[in-house]
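Undergrad:
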Amino acid sequence: MDEKLEALSENVENAEKEAVSKNFIEQIIDRDIAEGRCRQVVTRFPPEPNGYLHIGHAKSILLNCGLAKKYGGKFNLRFDDTNPTKEKTEFVESIIEDVKWIGGDFEDRLFFASNYFGEMYEGALRLIRKGKAYVCDLSADEIREYRGTLTEPGKNSPYRERSVEENLDLFERMKNGEFPDGSKVLRAKIDMASPNINMRDPVIYRVARLTHHNTGDQWCIYPMYDYAHPIEDAIEGVTHSICTLEFEDHRPLYDWVVRELEYENPPKQIEFAKQYLTNVVTGKRYIKKLVEQGVVDGWDDPRLVTISALRRRGFTPESIRMFMELCGVSKANSSADYAMLEYCIREDLKLKRPRIMAVLDPVKLVITNYPEGKVEYLTAQNNPENKEMGTRLIPFSRELYIEREDFMIDPPKKYFRLYPGNEVRLMNAYFVKCTDYVTDEQGNVTEIRCTYDPETKSDSGFSGRKVKGTIHWVSALHAVQVTARLYENLIDEEKGVYNEEDGSMNLNPNSVTVCDRCCVEPAVQGAKPYASFQFLRNGFFCVDYKDTTDERLVFNRIASLKSSYKPEAK
RNA sequence: UGGGCUAUCGCCAAAUGGUAAGGCACUGGAUUCUGAUUCCAGCAGUUCAAGGUUCGAAUCCUUGUAGCCCAGCCA
Numbered sequence: 000m001d002e003k004l005e006a007l008s009e010n011v012e013n014a015e016k017e018a019v020s021k022n023f024i025e026q027i028i029d030r031d032i033a034e035g036r037c038r039q040v041v042t043r044f045p046p047e048p049n050g051y052l053h054i055g056h057a058k059s060i061l062l063n064c065g066l067a068k069k070y071g072g073k074f075n076l077r078f079d080d081t082n083p084t085k086e087k088t089e090f091v092e093s094i095i096e097d098v099k100w101i102g103g104d105f106e107d108r109l110f111f112a113s114n115y116f117g118e119m120y121e122g123a124l125r126l127i128r129k130g131k132a133y134v135c136d137l138s139a140d141e142i143r144e145y146r147g148t149l150t151e152p153g154k155n156s157p158y159r160e161r162s163v164e165e166n167l168d169l170f171e172r173m174k175n176g177e178f179p180d181g182s183k184v185l186r187a188k189i190d191m192a193s194p195n196i197n198m199r200d201p202v203i204y205r206v207a208r209l210t211h212h213n214t215g216d217q218w219c220i221y222p223m224y225d226y227a228h229p230i231e232d233a234i235e236g237v238t239h240s241i242c243t244l245e246f247e248d249h250r251p252l253y254d255w256v257v258r259e260l261e262y263e264n265p266p267k268q269i270e271f272a273k274q275y276l277t278n279v280v281t282g283k284r285y286i287k288k289l290v291e292q293g294v295v296d297g298w299d300d301p302r303l304v305t306i307s308a309l310r311r312r313g314f315t316p317e318s319i320r321m322f323m324e325l326c327g328v329s330k331a332n333s334s335a336d337y338a339m340l341e342y343c344i345r346e347d348l349k350l351k352r353p354r355i356m357a358v359l360d361p362v363k364l365v366i367t368n369y370p371e372g373k374v375e376y377l378t379a380q381n382n383p384e385n386k387e388m389g390t391r392l393i394p395f396s397r398e399l400y401i402e403r404e405d406f407m408i409d410p411p412k413k414y415f416r417l418y419p420g421n422e423v424r425l426m427n428a429y430f431v432k433c434t435d436y437v438t439d440e441q442g443n444v445t446e447i448r449c450t451y452d453p454e455t456k457s458d459s460g461f462s463g464r465k466v467k468g469t470i471h472w473v474s475a476l477h478a479v480q481v482t483a484r485l486y487e488n489l490i491d492e493e494k495g496v497y498n499e500e501d502g503s504m505n506l507n508p509n510s511v512t513v514c515d516r517c518c519v520e521p522a523v524q525g526a527k528p529y530a531s532f533q534f535l536r537n538g539f540f541c542v543d544y545k546d547t548t549d550e551r552l553v554f555n556r557i558a559s560l561k562s563s564y565k566p567e568a569k
């Protein structure tokens, strides 16, 4: 009794601790709420539509969305599309799809920074009138020279002291297209001697005649990120603008813009460390190279960690959310083991997916004392750990396929599977004892012969003797032929992702193994793209949407099952 | 060599001056019709280092060390 009470109070304590253990961003928000700086939390995910989202973006989406949910606030999806050179509508579509899939619920709040160009232009005018911005005629090269270096201060631009009137006139003419691309910029007038290079009169508007995916040819001047972003946040009433660590140095400029433009309830920028995964390629340039070289079959190749690739491989949004939850949020650069992600997907699929038998590398097994031509339908649980998933019937007959690995002529110690003279259980069926085997001229096993014991039928209550091994099988006559691909890391884990000498990638030449003779029990028939299963003893597999045809199912292995079996020397 | 940031187990990560949570990985062992799952046990004599303050330091101070980011009219 005392023990129980103790355990109970311990549980309560733990629950409390868990509730108290908040990440550093939640602690900041708590303080902002307690001190009255914030009424309702508003966050946003602000991608530039210039590529596909990957697992790192998933962290940001889930963090922002999760925070809004936790505090009863709002979460926006906003495209940060202020630089038309790199942006495409194609990407806005794929990003929306990925954000929704991963569970980033922005409801009806889909925004575009480009819709705020007018307000940004007005803001620039205000800055000019306040004497806080000026038009500069220096070339890009000259601006760089004037900027100074990390250790030396910069010099003032000769155009820095232009009058408000002249600046107003020039800026309007920039907008009207009177000056060629790159000939003039608008700069914030801050401090050319600042130790923070971002504060050395940063460029806030450039002239560029580009067709924008959203605004077309309406504008020929475009605002820069540092100027635009705080305005976007302020317009949307974002309270906590969460970004990655490399923007820490930009925060003073973010605050400067918000202050000079006199926004009430100014948004606050908070930086966190990116989510890295060990030995995984996330760089756009590198993925592009892999696609171009044909190493992978697209941005959604199952070995990649773009969101579309994870989806194709068979990861679920739940598993990715669990992974992010497990990783936590901090300001320390770190890199999570892929094993953690695998743990999450196994955990998620364990009780949710049917467990069926599939033989990846088949070898024939003949039951010599089983009548020829007889077919028996055996009952199996679809998921023994989740009875609600019901049962199915599996055909059993004289000729079966079993896994080549599950038979050895001359096995080492502690090999529990089939070998001459040994008896094992055929899962969901009978005990079977190896009596003989046939090999070809090269010595490869082509057929295994066994006898079965009808008394040992599964669920018959037989307890006469025990057997060490249980193996899976498929009736030869009824087998569905499919293709299964087994993946290893794309990267050679010994060497790490990048080759330091030439910047190339250290690829693992065996990152994919194709089993094209894979035999599965009839239950797979009719499986649709993205459907997934546990193939007993082999792992979780998902129907590939790209390569599956009406004639043939193609499966990708999502993750293997853990195994403590180590083949040992005799 | 200017500025900003970070450092707690193999990998993540808590701890907010009160005596190092948790998860992944790993290692035993039990149960098992999946060598899976589940269960149980183990896994930081000390928090980058060295000094100091304190009854008490991962937390405060001092001095170092290491790593990451910044010199786009990219985001």
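Residue numbers (numbering that gives the first Met the number 0): 0 to 569. Just so it is clear, CB atoms sit at the ideal spot from N, CA and C, and this is done for glycine as well.
1. What's the call for G50, buried or exposed, on a 16-neighbour Cβ count within 10 Å?
2. Helix, strand or coil for G103 per DSSP?
3. Considering only residues of the segment 391-426, which uninterrupted beta strand (DSSP E) runs meet the minimum length of 3 residues and lie entirely inside it, listed in chain order?
4. Write down the C-beta distance between Y337 and N278 rounded to the nearest angstrom, noting that I regard them as a contact closer than 8 Å.
5. In whole angstroms, what separates the C-alpha of F170 from that of P46?
6. On a Cα-Cα basis, can you pick out the residue from K68, S20, T548 and V134 that is closest to T42?
7. Can you tell me whether L425 is buried or exposed, with buried defined as 16 or more other CB within 10 angstroms of its CB?
8. With DSSP collapsed to three states, give me the class of L552.
9. What whole-angstrom Cβ distance do L552 and V481 have, given they're in contact under 8 Å?
10. Rounded to whole angstroms, how far is the Cβ of S639 from the Cβ of I344, which I believe are closer than 8 Å?
11. Consult DSSP for V40 and reduce its assignment to one of helix, strand or coil.
12. As an exercise, report each continuous alpha helix (DSSP H) stretch of at least 4 residues that is fully enclosed by the segment 314-374, in chain order.
13. Helix, strand or coil for F532 per DSSP?
14. Where G538 and I269 are concerned, what is the direct C-alpha to C-alpha distance, given to the nearest angstrom?
15. Tell me the rounded alpha-carbon separation between G502 and R284.
16. V511 bridges to which residues according to DSSP?
17. Let me know the beta strand (DSSP E) ranges lying completely inside the segment 429-512, each 3 residues or longer, listed in chain order.
18. If you compare alpha carbons, which of V91, P222 and T281 is closest to V256?
19. When DSSP labels each residue in this structure, what does A558 get in the three-state scheme?
20. Comparing alpha-carbon positions, which option in K456, F461 and D435 lies nearest C571?
21. Taking DSSP's pairing of strands, which residues face G538 in a bridge?
22. Roughly how far, in whole angstroms, is the beta-carbon of N382 from the beta-carbon of L350, given that I think they are within contact range, below 8 Å?
23. Taking only runs that begin and end inside the segment 171-256, name each unbroken beta strand (DSSP E) of 3 or more residues, in chain order.
24. How about L417 and F430: are their beta carbons less than 8 Å apart?
25. Rounded to whole angstroms, what's the CA-CA distance from F23 to M173? Just pull it up for me.
26. Since I believe Y70 is in contact with I28 (beta carbons under 8 Å), could you give me their beta-carbon distance rounded to a whole number of angstroms?
27. Would you be able to state if there are at least three C-beta pairs under 8 Å between the segment 152-168 and the segment 123-132?
28. For the beta strand (DSSP E) containing E144, list its first residue and its last residue.
29. Evaluate the contact criterion for the segment 235-242 versus the segment 173-188: three or more CB pairs, one atom per stretch, below 8 Å.
30. Per DSSP, what kind of secondary structure is R516 in: helix, strand or coil?
31. Could you check the C-alpha separation between A6 and A233 for me, to the nearest Å?
32. How far does the beta strand (DSSP E) with E121 in it reach, from first residue to last?
33. Please report the straight-line C-alpha distance between T445 and I490, rounded to a whole angstrom.
34. What residue does the beta strand (DSSP E) around Y285 start on, and which one ends it?
35. Hey, is the segment 526-536 in contact with the segment 351-362, meaning 3+ C-beta pairs nearer than 8 Å?
36. Please report the distance separating the alpha-carbon of R311 from that of P508.
TA: With the given structure in hand:
1. To locate residue 50, count along the first sequence from 1; it is residue 51. So G50 ends up on the buried side.
2. Against the first sequence, residue 103 aligns to sequence position 104. In the structure shown, G103 sits in coil (DSSP, three-state: anything other than H, G, I, E or B).
3. 398-402 and 422-425
4. What you label residue 337 is simply residue 338 of the first sequence in a count that begins at 1. What you label residue 278 is simply residue 279 of the first sequence in a count that begins at 1. Going by Cβ atoms, the distance from Y337 to N278 rounds to 7 Å, so yes, they are a contact pair.
5. Translated into positions along the first sequence, residue 170 becomes position 171. Translated into positions along the first sequence, residue 46 becomes position 47. Spanning the two alpha carbons is a distance of roughly 28 Å.
6. Here residue 42 corresponds to residue number 43 of the first sequence, with the count starting at 1. That would be K68, whose Cα lies nearest to the Cα of T42.
7. Against the first sequence, residue 425 aligns to sequence position 426. Buried: at least 16 other Cβ atoms inside 10 Å.
8. Numbered from its first residue, the first sequence carries residue 552 at position 553. L552: coil per DSSP, three-state reduction.
9. Taking the first residue of the first sequence as 1, we reach residue 552 at position 553. Taking the first residue of the first sequence as 1, we reach residue 481 at position 482. Contact flag correct, Cβ pair sits at about 4 Å.
10. The structure shown does not extend to residue 639, since the chain spans only 0 to 569, so no value can be given for it.
11. Translated into the one-based positions of the first sequence, residue 40 becomes position 41. V40 falls in the coil class under three-state DSSP.
12. 316-326 and 337-348
13. Residue 532 sits at position 533 when you count from the first residue of the first sequence. Residue state, collapsed to three classes: strand.
14. For this step, residue 538 is matched to residue 539 along the first sequence. For this step, residue 269 is matched to residue 270 along the first sequence. So the two alpha carbons sit approximately 40 Å from each other.
15. In the first sequence, counting from the first residue as 1, residue 502 sits at position 503. In the first sequence, counting from the first residue as 1, residue 284 sits at position 285. Distance between the alpha carbons of G502 and R284: 12 Å.
16. Indexing the first sequence from 1 puts residue 511 at position 512. Note: V511 sits in a beta bridge opposite Y486.
17. 430-438, 444-452, 472-474 and 479-486
18. Counting from one through the first sequence, the residue named residue 256 turns up at place 257. Selected option, being the one with the closest Cα: P222.
19. Reading the first sequence from its first residue, position 559 is the one you call residue 558. Three-state result, A558: strand.
20. As shown, the chain starts at 0 and ends at 569. That puts residue 571 outside it, with no answer to give.
21. Taking the first residue of the first sequence as position 1, residue 538 is located at position 539. DSSP, once it has assigned bridges, lists F534 as partnering G538.
22. The residue labelled residue 382 in the question sits at position 383 within the first sequence. The residue labelled residue 350 in the question sits at position 351 within the first sequence. With 8 Å as the limit, N382 and L350 qualify as a contact, their Cβ atoms being about 7 Å apart.
23. 184-187, 202-206, 220-222 and 239-243
24. Taking the first sequence and counting its residues from 1, one reaches residue 417 at position 418. Taking the first sequence and counting its residues from 1, one reaches residue 430 at position 431. Not closer than 8 Å, so no.
25. Here residue 23 is taken as the residue at index 24 of the first sequence, counted from 1. Here residue 173 is taken as the residue at index 174 of the first sequence, counted from 1. Distance between the alpha carbons of F23 and M173 is about 44 Å.
26. Sequence index remark: in the first sequence, residue 28 carries index 29 (1-based). Sequence index remark: in the first sequence, residue 70 carries index 71 (1-based). So it is a contact: roughly 6 Å between Cβ atoms.
27. yes
28. As a working note, residue 144 is residue 145 in the first sequence. Where E144 is concerned, there is no enclosing beta strand (DSSP E), although the alpha helix (DSSP H) it sits in stretches over A139 to R146.
29. no
30. Working through the first sequence from its first residue, we reach residue 516 at position 517. Strand at R516.
31. Position 7 of the first sequence, counted from the first residue, corresponds to residue 6. Position 234 of the first sequence, counted from the first residue, corresponds to residue 233. The predicted position of A6 is uncertain, since its pLDDT is 41 and thus under 50; no value can be drawn from it.
32. Position 122 of the first sequence, counting from 1, holds the residue named residue 121. Run containing E121: none in the beta strand (DSSP E); it sits in the alpha helix (DSSP H), F116 to R128.
33. Walking along the first sequence from the start, residue 445 turns up at place 446. Walking along the first sequence from the start, residue 490 turns up at place 491. Taking the straight line from one Cα to the other gives about 35 Å.
34. Looking up residue 285 in the first sequence gives position 286. Here Y285 belongs to no beta strand (DSSP E); instead the alpha helix (DSSP H) covers K283 to E291.
35. yes
36. Translated into positions along the first sequence, residue 311 becomes position 312. Translated into positions along the first sequence, residue 508 becomes position 509. The alpha-carbon atoms of R311 and P508 are separated by roughly 21 Å.
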